[in-house]
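Under this note's numbering, think of the first position of the sequence shown as 28, with each following residue one higher. First the structure, in the form of structure tokens, and then the observations on it.
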Amino acid sequence: MVEHGTYTVELEGSMLKVTLVGMFNDLATEAVCSQIEALVDSLNGQGFGLLFDCTAYEGSTPDAHKVSNQHILWLNRQNCLARAMAYNHKIQVDIVKNAQPAVLQLKNRQEFYNLQDARNWLLTQL
28 MVEHGTYTVE LEGSMLKVTL VGMFNDLATE AVCSQIEALV DSLNGQGFGL LFDCTAYEGS
88 TPDAHKVSNQ HILWLNRQNC LARAMAYNHK IQVDIVKNAQ PAVLQLKNRQ EFYNLQDARN
148 WLLTQL
């Protein structure tokens, strides 16, 4: 099986930016989650903000949602100060909340429909 979905994971100061493009299967989701975990671990407990750019995200398979939900449970135990998630459509937010219930447990999170607004809000939280 081949990864489906394109992603980048970058650390900009204390902001971890994750960009998701396309439709994701479990292999691509595991890969992006591993990269996020490695960068969070490299911070050695230092607080950070998380910016998810999902403006070009098209969705995930049920197995990918399961992988992501497990990762979010791990992320909830890290020193993440705030999370901003930018989407193009409200339906994407509703699907993620339904398929990944751990996202509802995230503290200090906001959803946006504009990436710059998400980034600006996140910067005020760091």
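Using N, Cα and C, we set each Cβ at its ideal position, and we do this for glycine too.
Looking only at C-alpha atoms, which of the options sits nearest to residue i?
i: Phe139; options: Leu78, Ser41 and Gln97; result: Leu78
i: Glu30; options: Asn52, Tyr114, Leu43 and Val67; result: Asn52
i: Tyr84; options: Asn96, Ala113 and Leu38; result: Ala113
i: Glu37; options: Ile63, Glu57, Gly49 and Val48; result: Ile63
i: Glu39; options: Arg136, Thr56, Ile122 and Leu66; result: Leu66
i: Leu150; options: Gly32, Met28 and Lys44; result: Lys44
i: Gly32; options: Gly49, Met42 and Ser41; result: Gly49
i: Ala55; options: Met42, Trp148, Met28 and Asp68; result: Met28
I need the boundaries of the alpha helix (DSSP H) containing residue i, first residue and last residue.
i: Val94; result: Pro89 to Leu102
i: Glu64; result: Asp53 to Ser69
i: Asn147; result: Leu142 to Gln152
i: Gln105; result: That residue, Gln105, is in no alpha helix (DSSP H); it is neither H nor E in DSSP.
i: Gln127; result: Run containing Gln127: none; DSSP gives neither H nor E here.
Taking just the CA atoms, how far does residue j sit from residue i?
i: Gly161; j: Ala111; result: What is shown of the chain runs 28 to 153, which leaves residue 161 out entirely.
i: His92; j: Asn141; result: 23 Å
i: Ala145; j: Lys117; result: 15 Å
i: Glu57; j: Gln152; result: 28 Å
According to DSSP, residue i sits in a beta bridge with which residue or residues?
i: Arg136; result: Arg110
i: Glu37; result: Lys44
i: Leu77; result: Leu43 and Arg110
i: Met28; result: DSSP lists no partner for Met28.
i: Gly49; result: Tyr84
By Cβ distance below 6 Å, which residues in the same chain neighbour residue i in space, the five residues on each side in sequence not counted?
i: Val59; result: Tyr34
i: His98; result: Cys60
Tell me which same chain residues have a C-beta within less than 7 Å of the C-beta of residue i, skipping the five on either side of it?
i: Thr46; result: Tyr34, Thr35 and Asp80
i: Asn103; result: Ala129, Gln132 and Leu133
Under 8 Å Cβ to Cβ from residue i, same chain only, skipping five residues before and after it: list those, please.
i: Asn106; result: Leu70, Gly72, Gln73, Gly74 and Phe75
i: Gln119; result: Cys81, Tyr84 and Gly86
i: Arg136; result: Ala109, Arg110, Ala111, Met112 and Val130
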